[in-house]
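First the structure, in the form of structure tokens, and then the observations on it.
Numbering (our numbering), first residue to last: 36 to 311.
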């Protein structure tokens, strides 16, 4: 696997939109983005560095397989189902080798409960204008319903904010073509009770639903493990969810289901020994 943007789990690439940028070391705290950037409109390609914590996990022979988020200089967070049955010896050998993979001990591959994993890098990532960590919310934080940001690449409609990966991510659009640039769209958080009714009580307290009940915008295959982020007080972006599962893509009454990060804040701190 590789880490792209970005960073990468395992191949040999450190890629940023397939272009070369002049970067300067800078770290102004988590959840920050470049100040100079064009207005973001739902359903457009993301500018380089727009979502500087977005990571693409790639297998050497298969390319992009999942997304992830940079949460500290040595740590990524992703979905457990992306890493399940993969060892560091099998997946990682490149720009940033993976020193350790931590799957949640209660992860259930059948129900997708506790769908979270941490990946520790063997060497730190150096922050610059295009590479920054996202903020991890406190366990007491409440993300209210309304518009938030999610990372993905699929057919987009308003009003959404999604992203996925910037480099040649092999994700089919509805037209059958591939999305080669990170894309973004805006989504709404859907109440737990409403979402649970749509999914016949399959949504556990450790899951979060977001999207458009009417359909049209959603994360899809290849977006798994990627970040759903919200702009909070102080103009910083917080990781609200991790792309986990859903029924189909962008279907009516079938919103995307995410791992609810606030349920794992203490676990993240414990596993990273306070580095996050």
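Glycine included, every Cβ here is placed at the ideal spot set by N, Cα and C.
Among the options, the one whose alpha carbon lies nearest that of residue i
i           : options               : result
residue 240 : 159, 154, 146 and 264 : 146
residue 165 : 141, 264, 90 and 232  : 90
residue 102 : 275, 108 and 92       : 92
residue 175 : 98, 311, 310 and 301  : 301
residue 115 : 289, 280, 287 and 286 : 280
residue 309 : 162, 100 and 108      : 108
residue 298 : 290, 269 and 243      : 243
residue 170 : 236, 235, 267 and 141 : 267
residue 282 : 235, 149 and 260      : 235
residue 141 : 135, 162 and 150      : 150
residue 296 : 68, 94 and 173        : 173
residue 229 : 304, 245 and 155      : 245
residue 119 : 144, 98, 100 and 99   : 144
residue 148 : 249, 293 and 304      : 293
residue 303 : 104, 98, 68 and 64    : 104
Simplified DSSP assignment, three categories, for residue i
i           : result
residue 209 : Because the pLDDT of residue 209 is 37, which lies under 50, any placement of that residue in the model is unreliable, and the number read from its coordinates should be weighed accordingly. In the structure shown, residue 209 sits in coil (DSSP, three-state: anything other than H, G, I, E or B).
residue 297 : helix
residue 244 : strand
residue 65  : coil
residue 277 : strand
residue 231 : helix
residue 139 : coil
residue 118 : helix
residue 302 : helix
residue 158 : coil
residue 104 : strand
residue 268 : coil
residue 152 : strand
residue 98  : strand
residue 308 : coil
residue 93  : strand
residue 87  : coil
residue 112 : strand
residue 263 : strand
residue 223 : strand
residue 166 : strand
residue 292 : strand
residue 133 : strand
Sub-8 Å separation of residue i and residue j beta-carbons
i           : j           : result
residue 106 : residue 168 : yes
residue 138 : residue 306 : no
residue 17  : residue 271 : This structure leaves residue 17 out entirely; the chain is present only between 36 and 311.
residue 117 : residue 259 : yes
residue 262 : residue 274 : yes
residue 311 : residue 88  : no
residue 265 : residue 178 : yes
beta-carbon residue i near the ligand ZN non-hydrogen atom, thresh 7 Å
i           : result
residue 302 : This structure lacks the ligand ZN; in fact it carries no ligand of any kind.
Rounded Cβ spacing between residue i and residue j (contact assumed at less than 8 Å)
i           : j           : result
residue 277 : residue 112 : 7 Å
residue 238 : residue 247 : No, residue 238 and residue 247 are not in contact; Cβ-Cβ is about 17 Å, not under 8 Å.
residue 157 : residue 136 : Wrong, their Cβ atoms sit about 12 Å apart, outside the cutoff.
residue 163 : residue 233 : In fact, because the Cβ distance is near 42 Å, the residues do not count as touching under 8 Å.
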